[in-house]
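These notes concern the structure reproduced below.
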Amino acid sequence: MNQPNIGEKIITWGLKETQEMIDFAGKHNVTADVEVVPIDYVNTAMERLEKADVRYRFVIDIGNTLKAA
Numbered sequence: 388m389n390q391p392n393i394g395e396k397i398i399t400w401g402l403k404e405t406q407e408m409i410d411f412a413g414k415h416n417v418t419a420d421v422e423v424v425p426i427d428y429v430n431t432a433m434e435r436l437e438k439a440d441v442r443y444r445f446v447i448d449i450g451n452t453l454k455a456a
């Protein structure tokens with residue numbers, strides 16, 4: 388039986404279900420492995436994605452980028 392992956396499932400959920408999932412993750416210390424990168428690293432990050440040189444997901448640090456401007 389093929390089960391949808393969690394990303395596909397989230398799209399069909401509503402806000403209530405999404406909030407329940409976030410609350411569950413917080414309560415049980417479920418975290419995501421990410422690599423936070425500055426906006427000026429985006430081109431390099433894209434090159435790394437193309438080369439499959441990424442262990443986690445990239446998160447672009449917009450907050451610090453805006454502070455520097």
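If you use our numbering, the sequence shown corresponds to residues 388 to 456, in order. Just so it is clear, CB atoms sit at the ideal spot from N, CA and C, and this is done for glycine as well. On a predicted model such as this, the values are computed, not experimentally measured, just so you know.
Can you tell me the Cα-Cα spacing of residue i and residue j, whole angstroms?
i, j, result
"residue 449", "residue 426", "7 Å"
"residue 445", "residue 415", "23 Å"
"residue 424", "residue 402", "28 Å"
"residue 406", "residue 428", "31 Å"
"residue 370", "residue 443", "Residue 370 falls outside the range modelled here, since the chain spans only 388 to 456, and no answer is possible."
"residue 404", "residue 447", "26 Å"
Taking the beta strand (DSSP E) that residue i falls in, what are its first and last residues?
i, result
"residue 448", "444-448"
"residue 423", "421-425"
Of the choices the options, whose alpha-carbon is the least far from that of residue i?
i, options, result
"residue 441", "454, 447, 422, 404", "422"
Whether or not the stretch 401-413 and the stretch 426-435 are in contact is what I'm after, with contact meaning three or more pairs of Cβ atoms, one per stretch, closer than 8 Å; do they touch?
Counting Cβ pairs under 8 Å, fewer than three are found: no touch.
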